[in-house]
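Quick note, the sequence shown lines up with residues 0 to 304 if you use numbering that gives the first Met the number 0.
For reference, the structure is listed below as structure tokens.
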Amino acid sequence: MNVLEVSNLHKKFGKKEIIKGVDLFIEEGEIFGLLGPNGIGKTTVIKMIVGFLNADEGSILIMGKNIEKDRVEALRNLTAIVENPEMYPYLSGMENLKQIARMDKRIKKSDIEEAVNMVGLTKRINDKVKTYSLGMKQRLGLAQAIMSNPKLIILDEPTNGLDPTGIIELRNTLKNLARERKISILISSHILSEVQLICHRVVFMEDGQTKLMRTLNSDNDKKEDRVIIVSNDKESCKKVLKTMKCIHSISYKDGKLIALTDENSTPKMISRLCAESVEISEIYKKYETVEEMYMDVVNEVKLSS
């Protein structure tokens with residue numbers, strides 16, 4: 000069962016349709032990126048997922064529970080931090096967490112302690128929040144989010160305002176949560192380089208719609224290689240590659256051939272091309288960046304408009 004399933008979401012404000020068809024799903028222990036420029040509707044989608052707004056059309060399932068028909072049970076599996084978490088500055092980190100825990104009888108003292116340890120705040124948890132850096136406040140917000148043992152955490156622009164150290168600390172914490180606690184994490188962001196380092200999969204939003212969903216080549220899921228080939232005889236090169244079973248697809252970009260292949264099959268390609276006397280000036284592996292994926296989406300929208 001997917002932790003989150005969003006199907007064909009639509010939302011109007013007045014006569015203007017802001018969300019025009021959003022589809023995505025998130026698996027257990029997966030870090031998933033919802034990407035797009037500011038003002039494209041990412042926060043509106045998140046507000047519908049967490050129940051702040053009702054969709055005009057479509058469905059949202061959290062652990063199989065429909066948020067419209069079974070809201071309490073659905074939202075029981077979810078926590079969310081939209082932008083910067085709000086805390087009582089005159090209380091300590093621990094006192095803040097205890098105040099939140101009073102509203103949820105499922106949260107035990109051991110859950111709070113485990114959450115604090117998980118986000119790396121043990122040494123400062125009894126200090127007043129007003130002495131915390133923004134990065135520490137983000138980690139305290141994460142402790143607040145995970146102490147109820149949710150299946151899904153939603154973070155809206157979580158790196159806003161963080162310095163490089165804070166961004167690295169947050170990234171490592173989120174990876175640990177996904178790996179060790181099997182918590183699924185949905186991140187909304189417009190910072191593409193950071194998403195490349197943390198997400199397993201991403202979906203791109205443009206013009207109120209989800210346009211492209213891609214798996215990133217993280218350490219966990221390198222199932223194919225993306226091989227760039229530079230040759231003066233592109234047609235002969237393409238003809239030879241088409242006969243090889245290890246080649247999944249072939250395309251052109253910026254005058255180069257791009258082949259998606261079985262993992263570690265580049266030596267076979269080189270041997271075969273040489274045997275067929277096809278001249279190659281360059282051949283190398285290069286994974287597609289999130290920025291390249293995003294620009295493909297933007298260019299596709301420009302061509303269709």
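Idealized CB from N, CA, C, for every residue including glycine.
Here the structure is a predicted model, which is why all the values come from computation and not from measurement.
When 264, 223, 230 and 261 are compared, the shortest CA-CA separation from residue 253 is found for 230. The C-alpha of residue 259 is placed about 7 Å away from the C-alpha of residue 249. For residue 9, the beta-bridge partners assigned by DSSP are 19 and 56.
Spatial neighbours of residue 168 in its own chain (CB-CB distance under 6 Å, excluding positions within 5 residues in sequence) are listed in chain order as 134. Apart from the 5 residues on each side of it in sequence, residue 69 has no Cβ closer than 6 Å to any other Cβ in its chain. For the stretch 113-152, the continuous alpha helix (DSSP H) assignments of 4+ residues that do not extend past its boundaries occur at 133-145, in sequence order. Residue state for residue 107 is assigned as coil, using DSSP reduced to three classes.
Restricted to the stretch 21-80, the beta strand (DSSP E) segments that are unbroken, complete and at least 3 residues in length are 30-34 and 56-61, listed in chain order.
Per DSSP, the unbroken alpha helix (DSSP H) holding residue 240 starts and ends at 233-240. Within a 10 Å sphere around the beta-carbon of residue 178 sit fewer than 16 other beta-carbons, which makes this residue exposed.
Proximity to residue 263 across 276, 39 and 245 peaks at 245, based on C-alpha coordinates.
Closest in alpha carbon position to residue 27, among 270, 0 and 110, is 0. Nearest C-alpha to residue 267 among 286, 251, 224 and 288: 224. In the structure shown, the three-state DSSP call for residue 2 is coil. A contact is defined here as three or more CB-CB pairs under 8 Å, and the stretch 32-42 meets this definition with respect to the stretch 183-193.
Of the residues 288, 240, 293 and 290, the one whose Cα lies closest to the Cα of residue 271 is 240.
Across the structure, residue 235 and residue 227 are spaced so that their CA atoms are roughly 15 Å apart. In this structure, residue 76 places its C-beta atom within 7 Å of the C-beta atom of residue 149.
In this structure, the beta-carbon distance from residue 202 to residue 90 does not fall below 7 Å. Judged by their CB atoms, residue 138 and residue 115 are not nearer to each other than the 7 Å cut-off. When secondary structure is reduced to three states using DSSP, residue 181 falls in the coil class, being assigned neither helix nor strand.
Scanning its chain for C-beta atoms nearer than 7 Å, with the 5 sequence neighbours on each side dropped, one finds around residue 275 the residues 239, in chain order.
Nearest to residue 154 by alpha-carbon distance, out of 194, 208 and 163, is 194.
Counting along the chain, no alpha helix (DSSP H) covers residue 225; the unbroken beta strand (DSSP E) around it starts and ends at 223-229.
In the DSSP annotation of this structure, the continuous segment of the alpha helix (DSSP H) that includes residue 194 starts and ends at 191-197. Taking C-beta atoms as the reference points, residue 3 and residue 54 fail to come closer than 7 Å.
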